[in-house]
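Worksheet: the structure to be examined is printed underneath.
Structure follows, in structure tokens:
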């Protein structure tokens, strides 16, 4: 066994990325749903690799960690043993190499964690692998180079590339000694205090991309700002203090292996999305509660970014892809089924009969039949008869006004499960560190800025928008719907790690409990 393979295997075993006593067959059995597209047999693909050498495919598989998969599940120890003993011409080695290289391409391209098995908050189906004909075209365009083909088949969208940059820094640190365990402190570490353990703390912060200049024992302003940033990103109110056994200390004590697995899970999620994003798109990261819009159709690339409020763990915002097709000013709010049963009906049940109409009037609520053809008297309804959303044969609708739950702007998507982007009547919540507070929809910090940009080139400039939206004390009787000339792609994902534009790698808490499930479904977890 050569030294290169030894270093790879030692790294994987020593840091827990691979268990030497776990057979490849056992690993394969964990994922029975992994299949090539039904109309094509594996041989239809592997015959295309005839001009690729074992040496080149081996090198590619050993470097596949850059795409968030574990190399040892593709270039297996038994294959390395055969390679060292008999070289590339070892009996049967080329066939095994072709088979496993195909699996690598499938896993890099469409993923091995079937999103259908993730639960109802993931609204994707597993993609199909490309046809042999198209693969042949990519092989030709890649010059029959296995490494280029792997890179070309991987997602090319910006969130995936940011994760790829993150794993490029974290994964090697697990084996080269730069990610060292932190020495515990005996008392809370505050600005200006000295402790020998601060040196390793600063090295860790610097590894994550924070601008640390002085690597001495003083917990200085640079280190405190980094700790504040970490606390804020974890949805905690920053205090700049590192307490022994505290939440910030526990975050920093997470092992390199677990951080690598966290990035790996997020890279796998991004395989559910389109491989490339269009020139104009919106990406909402529900784990880190932020909105980003990129528009490369303009002479100068346009970007917009701000905070969001999205689904709490009990009412998750779905992971999904959709299109934004319409801007609605002064929207009505039709109470969704879950909120209708779990919130509104329960509130009404606590009221006396003579309080019901006053409750509806004070919130500008109306009750309508299921067809929206007849308005009903709230006091005439037996609210105690409703126990589930399936029982509901009526709707509660809130009239447009500044206190409307959707605020003054709604951005309509095309999905059938009542998820959209909107303003809010609780704008004070955007200053909170924890903004996973909604019932599923995404509230936007700067909805008027987004509306103005989406409607540019139409009569609906900022002044026209502000002239139309409700004023204080005004209750509207109708909304204003404005269809976009071209839909805007919207991607919503729960991504718990990322390298940002400032080159800092940030991690969020997996409050939706997605990552462990993703890793359990993957063919090649670390």
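In my numbering, the protein residues as written are 957 to 1482.
Backbone N, C-alpha and C fix where the C-beta goes; we use that ideal spot for every residue, glycine too.
If contacts are defined as beta-carbon pairs under 8 Å, then residue 1111 and residue 1058 qualify, I think. What distance do you get, rounded to the angstrom? The Cβ separation is near 18 Å, so there is no contact.
Figure out for me which residue from 1154, 1161, 1285, 1203 has the closest Cα to the Cα of residue 1439. When only C-alpha atoms are compared, the closest one is 1285.
Three-way DSSP call (helix, strand, coil) for residue 1227 in this model: Coil, per DSSP.
Determine, using beta carbons only, whether residue 1365 and residue 1404 come nearer to each other than 8 Å. Yes; because the gap between Cβ atoms is below 8 Å, this pair is in contact.
Tell me, please, whether the stretch 1199-1206 touches the stretch 1170-1190 by the rule of three or more beta-carbon pairs shorter than 8 Å. Judged by Cβ distances under 8 Å, the stretch 1199-1206 makes contact with the stretch 1170-1190, as three or more pairs qualify.
What are the boundary residues of the beta strand (DSSP E) that includes residue 1399? In the DSSP assignment, residue 1399 falls within the beta strand (DSSP E) that extends over 1398-1400.
Are there any heavy atoms of the ligand ZN lying less than 7 Å away from the beta-carbon of residue 1271, as far as the coordinates show? The ligand ZN is absent from the structure shown, which contains no ligand whatsoever.
Between the alpha carbons of residue 1314 and residue 1299, how many angstroms are there, rounded? When rounded, the distance between both Cα atoms is 17 Å.
Residue range of the beta strand (DSSP E) that residue 1437 falls in? Segment 1436-1449, the beta strand (DSSP E) holding residue 1437.
According to DSSP, simplified to helix, strand and coil, what is residue 1368? If DSSP states are grouped into helix, strand and coil, residue 1368 belongs with the strands.
Which residues does DSSP list as the beta-bridge partners of residue 1249? According to DSSP, which records beta bridges pairwise, residue 1249 is partnered with 1238, 1260.
Where the alpha helix (DSSP H) through residue 1350 begins and ends: Careful: residue 1350 lies outside any alpha helix (DSSP H), inside the beta strand (DSSP E) at 1350-1354.
According to the Cβ coordinates, are residue 1266 and residue 1446 closer than 8 Å? Contact: no.
Let's test the definition: count the other Cβ atoms within 10 Å of the Cβ of residue 1437 and tell me whether it reaches 16, buried, or not, exposed. By the neighbour-count rule (16 or more Cβ atoms within 10 Å), residue 1437 is not buried but exposed.
Taking the straight line between their C-alpha atoms, what separation do you get for residue 1392 and residue 1386? Cα-Cα distance, rounded: 10 Å.
Residue 1277 bridges to which residues according to DSSP? Answer by DSSP bridge pairing, in chain order: 1447.
Per DSSP, what are the beta-bridge partners of residue 918 in this structure? With the chain covering only 957 through 1482, there is no way to say anything about residue 918.
Figure out for me which residue from 1221, 1441, 1238, 1432 has the closest Cα to the Cα of residue 1478. Residue 1478 has its Cα closest to that of 1221, out of 1221, 1441, 1238, 1432.
Sequence-distant residues of its chain with Cβ nearer than 6 Å to residue 1178 (five each side left out): If the five residues before and after residue 1178 are omitted, its C-beta is found closer than 6 Å to the C-beta atoms of 1168, all from its own chain and listed in chain order.
Enclosing beta strand (DSSP E) for residue 1145 [first to last residue]: Element bounds for residue 1145: n/a, residue is neither H nor E.
Reduced DSSP secondary structure (H/G/I, E/B, other) of residue 912: Residue 912 falls outside the range modelled here, since the chain spans only 957 to 1482, and no answer is possible.
Could you compute how far the alpha carbon of residue 1215 sits from the alpha carbon of residue 1290? Inter-residue distance for residue 1215 and residue 1290 is about 41 Å (C-alpha atoms, whole angstroms).
Residue 1434: which of 1442, 1425, 1441 sits nearest, CA to CA? Closest in C-alpha terms to residue 1434, from the list 1442, 1425, 1441, comes 1425.
Do residue 1243 and residue 1484 count as a contact pair if the criterion is CB distance below 8 Å? This structure leaves residue 1484 out entirely; the chain is present only between 957 and 1482.
Would the beta-carbon of residue 1278 fall within 8 Å of that of residue 1410? No, the pair does not count as a contact, with Cβ atoms beyond the cut-off.
Rank 1466, 1241, 1150 by C-alpha distance to the C-alpha of residue 1142 and give the top, closest one. Of all alpha-carbon atoms in 1466, 1241, 1150, the one lying nearest the alpha-carbon of residue 1142 is that of 1150.
Of all the options 1124, 1337, 1327, which has the alpha carbon lying nearest to the alpha carbon of residue 1305? Sorting 1124, 1337, 1327 by C-alpha distance to the C-alpha of residue 1305 places 1337 at the top.
Give me the Cβ distance between residue 1197 and residue 1146, rounded to the nearest whole Å; I'm assuming they're in contact under 8 Å. Correct: roughly 5 Å between the Cβ atoms.
In DSSP terms, what residue 1461 is bridged to: Partner residues in the beta bridge of residue 1461, as assigned by DSSP, are 1455.
In its own chain, which residues sit with a C-beta less than 7 Å from the C-beta of residue 1381, not counting the 5 before and 5 after it? Within the same chain, 1358, 1359, 1360, 1361, 1363 come within 7 Å of residue 1381 by CB-CB distance, once the 5 residues on both sides are set aside.
Collapsed DSSP secondary structure at residue 1392 in the structure displayed: Under the three-state reduction of DSSP, residue 1392 is assigned to strand.
Nearest residue (CA-CA) to residue 1105, options 1164, 1121, 1019: Here the closest residue by C-alpha is 1019.
Can you look up residue 1197 in the DSSP assignment and give me helix, strand or coil? Shown here, residue 1197 sits in coil according to DSSP, grouped into three states, outside any helix or strand.
Host alpha helix (DSSP H) of residue 1120 (start-end): Unbroken alpha helix (DSSP H) run through residue 1120: 1114-1129.
Specify, as a first and last residue, the run of the alpha helix (DSSP H) that residue 1312 falls within. Residue 1312: member of the alpha helix (DSSP H) spanning 1312-1318, first to last residue.
With contact counted as at least three CB pairs below 8 Å, one residue from each stretch, are the stretch 1159-1168 and the stretch 1130-1137 in contact? Look at the beta carbons and you see the stretch 1159-1168 touching the stretch 1130-1137: at least three pairs across the two are nearer than 8 Å.
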